[in-house]
Amino acid sequence: MIGFLEIRRRKLQFALVGLIVTLISYLVLMINGLGVGLNEQAGRALRNFDADAIAYSDRAGLSVIRSELSAETVERIEAESGARESAPLGYMAVNYTRNDGKVKSAAVLGYDPGTIGEPPVTEGRPLTPADADGLLADRQFLRASGLKVGDTVRLAIRLQEREFTIVGELNEGAFFFQPSVYMLRSTWQEMKYGTNAPGTPVASVVLLKGDGLAGKRGAGWEAVSKSTAFANIEGVSGQQSTVQALQVFGYLIGGLVIGVFFYVLTLQKTPQIGVLKAVGATTGFIFRQLLVQALLVALGGVAIAVPLAWLTNEGIKQVPDPVPIAFTTGTFVTTSALLLLMAVLGVLFSGRQVAKVDPIIALGQQQ
Amino acid sequence: MSIRLKVENLEKIYGEGERAVHAVRGVSFATEPGEFVAIVGPSGSGKTTMLAMIGGLLTPTRGTIEVNGRDIARLRGKELAEYRRQKVGFVFQANNLLPYLTARENLLVMARINGSDLKAARARADQLLEELGLAARRDALATELSGGERQRVAIARALMNDPELVLVDEPTASLDSARGKQVVESLIAEVKGRDKLGLMVTHDMAMAEMADRVLEMHDGQLVAHTVAARG
Ligand SMILES: Nc1ncnc2c1ncn2[C@@H]1O[C@H](COP(=O)(O)OP(=O)(O)O)[C@@H](O)[C@H]1O
Ligand SMILES: [Mg+2]
Chain C
1 MIGFLEIRRR KLQFALVGLI VTLISYLVLM INGLGVGLNE QAGRALRNFD
51 ADAIAYSDRA GLSVIRSELS AETVERIEAE SGARESAPLG YMAVNYTRND
101 GKVKSAAVLG YDPGTIGEPP VTEGRPLTPA DADGLLADRQ FLRASGLKVG
151 DTVRLAIRLQ EREFTIVGEL NEGAFFFQPS VYMLRSTWQE MKYGTNAPGT
201 PVASVVLLKG DGLAGKRGAG WEAVSKSTAF ANIEGVSGQQ STVQALQVFG
251 YLIGGLVIGV FFYVLTLQKT PQIGVLKAVG ATTGFIFRQL LVQALLVALG
301 GVAIAVPLAW LTNEGIKQVP DPVPIAFTTG TFVTTSALLL LMAVLGVLFS
351 GRQVAKVDPI IALGQQQ
Chain A
1 MSIRLKVENL EKIYGEGERA VHAVRGVSFA TEPGEFVAIV GPSGSGKTTM
51 LAMIGGLLTP TRGTIEVNGR DIARLRGKEL AEYRRQKVGF VFQANNLLPY
101 LTARENLLVM ARINGSDLKA ARARADQLLE ELGLAARRDA LATELSGGER
151 QRVAIARALM NDPELVLVDE PTASLDSARG KQVVESLIAE VKGRDKLGLM
201 VTHDMAMAEM ADRVLEMHDG QLVAHTVAAR G
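Protein chains in written order, with my numbering: chain C, 1 to 367; chain A, 1 to 231.
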């Protein structure tokens, strides 16, 4: 095609704009990866819960940190919600000391073995009701701490410190921006409240399984869907809107750069467009050449940016405290598709310009 | 092919009011199939303007241009583009080629625009380049060609889609007279052999004399119909 030949003959111009498109695509991909990564940090573990809805104390404002449930409320939730299955779950943040001496925090989730609150173990073994000092640790926790299944770790909350043996590995992800570890709910209660005496809160939330549970409420509790629960994690909505704003800017700038380049190119080529029209080319034909060029340039840019972003992420993963970037095939596909779409939109500007060129100018020009 | 052109009361006024230029003022003539007509006249007499209207590049202010009975002065948009690429081969005074394409690619553009079969188009392009003595320059970029070579490529391009109407605006400007004569002869052969119509603007009387008929323009009007010696 003429458009393709022009790219071949004007390599430098097209390579330059291709380079800019590559850099923008790379930036947009990294932002999108960061968006996914931050979301995973915020609560992949929550999204992995084997539940349809999550019940909170109705005074907690859907905050896992502030939600505390008494034994009576947990029973009421289980009775009143109409859930097929349910499981109380306790949450607290603890500190631990890493091999390198740094003090870090981890999210502790206390559950009861045999309920839907139990996470699947990927290595080692699950906890039994007798494992009061046993711990299941997420991969991310193990990588960050340098520990492995069979090691011991001291977890601290307030003035208490307790040693646990890691018996199994999980792939549940982070909870509340911290790597997650799971222990028995009774151990959680002892650590968090210092006692198992009657009247002590027994859980932070209750996982529920069944139909039509989201939105249900009763005396002292309310239940919401997992996605509502996720969106209500402190910081998530602000973080999501920041990432979305960055994404939108990235796409707009990508579209604009392509658009402006092709607009300038079109203006520059006005005499040649006049000649093409004079020999009988329609506006549509000429515009299609531009479209093919824009798509090729965008495709080239994306084709370089995608592996580059992937490699960057592989590199980042190697450091002990990686920037939370995560790529899914979906991220690559949607980002690429949107960038291509923006290239097409950018070129639409030039369509009007092409239509405006009068073939008569072919008569007047000297080469 | 047997094309008939009938131009009646053709007028073109550029601009409006004070600055209006009456470039063509009431031109009428008709042609027979297979005719090769030369148009002569002083600079600014309206030759290019008239050719552009016949070629569908310029809308007449008044008058009709019938090509095989159809008034092309009324065509617009896509229909006009189609008329230009299927019926007309136009050789511009400034022989505009696409600079980033080779001689051969400039010809193949015509097939692309027309959606014609590429294999046949390649054969036709090579044949035209051969006939016009450009075989050796086939793969040279338009910017690498000399003025005369560009002119010949422009002529070949005009013939690519096998148009019935071959319109040529001062083709010999950058051709030396021996080469120019040869080029005009091949144009005449193309027109005669296929019952096409050739209209060629020229200021070179030697070239004009090669035509069947000479139309002379003066101040936007035809002043005389001369039948050349050649007949
Ligand atoms: N686009 C235009 N706008 C205004 N006047 C024009 C334009 N093109 C040509 N003219 C005028 O029309 C007249 C005829 O021009 P043209 O057809 O180019 O003559 P020729 O080809 O015989 O030299 C001239 O006076 C020229 O200045
Ligand atoms: Mg002229």
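Even for Gly, the Cβ is constructed at its ideal location relative to N, Cα and C.
Does the beta carbon of residue 280 (chain C) come closer than 7 Å to any beta carbon on chain A?
-> Taking Cβ atoms only, chain A reaches closer than 7 Å to residue 280 (chain C), which makes this a yes.
So, is residue 267 (chain C) buried or exposed, given that buried needs 16 or more other C-beta atoms within 10 angstroms?
-> exposed
Which listed residue (A:32, A:101, A:156) has its alpha carbon closest to that of residue 144 (chain A) = A:101
Looking at residue 47 (chain A) and ligand 2, is the gap between the Cβ and the nearest heavy atom below 6 Å?
-> yes
What are the boundary residues of the beta strand (DSSP E) that includes residue 66 (chain A)?
-> Here the beta strand (DSSP E) through residue 66 (chain A) covers 62 to 67.
Leaving aside the five residues before and after residue 196 (chain A) along the sequence, list all residues of the same chain whose C-beta is less than 8 Å from its C-beta, in chain order.
-> 1, 3, 33, 34, 163, 164, 165, 166, 190
Any C-beta of chain C under 7 Å from that of residue 106 (chain A) = no
In angstroms with no decimal places, state the Cα-to-Cα distance between residue 330 (chain C) and residue 157 (chain A).
-> 49 Å
Do residue 103 (chain A) and residue 140 (chain A) come within 7 Å of each other at the CB atom, strictly closer than that value?
-> yes
Identify, in the order they occur along the chain, each residue of the same chain with its Cβ nearer than 7 Å to the Cβ of residue 88 (chain A), setting aside the five sequence neighbours on each side.
-> Around residue 88 (chain A): 55, 56, 163, 165, 167.
By DSSP, does residue 115 (chain A) sit in helix, in strand, or in coil?
-> coil
Apply the 10 Å Cβ neighbour rule to residue 93 (chain A) and answer buried if 16 or more other Cβ atoms are within range, or exposed otherwise.
-> buried
Is residue 64 (chain C) helix, strand or coil by DSSP?
-> coil
Beta-carbon neighbours of residue 272 (chain C), restricted to chain A and to distances below 8 Å = 96, 98, 99
Contact list for residue 1 (chain C) against chain A, beta-carbon separation under 9 Å | Those within 9 Å of residue 1 (chain C) in chain A are 112.
Should residue 366 (chain C) be flagged as near chain A, meaning a C-beta pair shorter than 7 Å?
-> The predicted model places residue 366 (chain C) with a pLDDT of 39, which falls under 50 and marks its position as unreliable; any figure quoted below should be read in that light. Yes, residue 366 (chain C) lies at the interface with chain A (some Cβ there is under 7 Å from its Cβ).
Determine the chain C residues that contact residue 85 (chain A) at a beta-carbon separation under 8 Å, and present them in chain order.
-> 279, 280, 281
Tell me whether the beta-carbon of residue 56 (chain C) lies closer than 7 Å to the beta-carbon of residue 205 (chain C).
-> Residue 56 (chain C) is a Cβ neighbour of residue 205 (chain C), given a cutoff of 7 Å.
Got a sec? Which residues, its chain only, sit under 7 Å from residue 71 (chain A) by beta carbon, not counting five neighbours each side?
-> 64, 65
Can you grab the Cα-Cα spacing for the pair residue 184 (chain A) / residue 346 (chain C), in whole Å?
-> 47 Å
With 8 Å as the C-beta to C-beta threshold (strictly closer), list the residues of the stretch 38 to 51 of chain A near chain C in chain order.
-> 48
With residue 47 (chain C) as the anchor, note down where its alpha helix (DSSP H) starts and where it stops.
-> 11 to 48
Looking at C-alpha atoms only, which residue of A:44, A:11, A:215, A:219 is the closest neighbour of residue 60 (chain A)?
-> Of the listed residues, the one whose Cα sits closest to residue 60 (chain A) is A:11.
Could you tell me whether any non-hydrogen atom of ligand 1 is closer than 6 Å to the CB of residue 26 (chain A)?
-> Because no heavy atom of ligand 1 lies under 6 Å away, the Cβ of residue 26 (chain A) does not count as near it: no.
Looking only at its own chain, which residues have a Cβ that is under 6 Å from the Cβ of residue 302 (chain C), when we skip the five neighbours before and after it?
-> Closer than 6 Å at the Cβ level, and outside the excluded window around residue 302 (chain C), lie 25, 336, 339.
Just to confirm, does residue 208 (chain A) get its C-beta within under 6 Å of one of the non-hydrogen atoms of ligand 1?
-> no
Check the DSSP bridge columns for residue 104 (chain C) and list the partner residues they point to.
-> C:96
Cβ-based contacts, 7 Å cut-off: residues of the stretch 47 to 80 of chain A near chain C = 48, 52, 57, 58, 78
Cutoff 6 Å; reference residue 36 (chain A); Cβ partners in own chain excluding five residues on either side = 188, 191, 198, 211, 212
Around the C-beta of residue 94 (chain C), are 16 or more other C-beta atoms found within 10 angstroms, so that it is buried, or is it exposed?
-> buried
Going by alpha carbons, who is nearest to residue 130 (chain A) out of A:117, A:45, A:149?
-> A:149
Residue 178 (chain C) (DSSP reduced to helix, strand or coil) = strand
Exposed unless 16 or more other CB atoms sit within 10 angstroms - verdict on residue 114 (chain A) = buried
Can you list, in chain order, the residues of its chain whose CB lies under 8 Å from that of residue 80 (chain A), leaving out five sequence neighbours each side?
-> Answer for residue 80 (chain A): 56, 72, listed in chain order.
Classify residue 110 (chain A) as helix, strand or coil using the three-state DSSP reduction.
-> helix
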